[in-house]
Amino acid sequence: VALSDLPLAPRNPLPYRQQMKAIRMFHTGLETLRDAGGPATRLKLAPKWLMPQVVVATSPQGAHDILG
64 VALSDLPLAP
74 RNPLPYRQQM
84 KAIRMFHTGL
94 ETLRDAGGPA
104 TRLKLAPKWL
114 MPQVVVATSP
124 QGAHDILG
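With the first letter of the sequence shown counted as 1, position 12 gets the number 75 in the working numbering; the numbers rise by one all the way through.
What follows is the structure, encoded as structure tokens:
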């Protein structure tokens, strides 16, 4: 199976400012992202040419979903 054929992780539904605020709060930020987007969530923080999208796994099940 080609990597391009696999589905993307769901994008986090939080607004951009709330995503940035969650990233800056190391002790509770991942919980905020998990509550909004689930155990595996995708963040788009900047344009593609500046920074790639980031997938965050916040549980063993989320990591299993990402790694297959």
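Don't be surprised by glycine CBs; every beta carbon is placed ideally from N, CA and C.
None of these values were measured; they are calculated from a predicted model.
- Under the DSSP assignment, A120 falls in the beta strand (DSSP E) whose first and last residues are V117 to A120.
- Around the Cβ of L108, a 10 Å sphere holds fewer than 16 other Cβ atoms; the residue is exposed.
- In the DSSP secondary-structure assignment, R74 is bridged to R105.
- With fewer than 16 neighbouring CB atoms inside 10 Å of its own CB, T91 falls in the exposed class.
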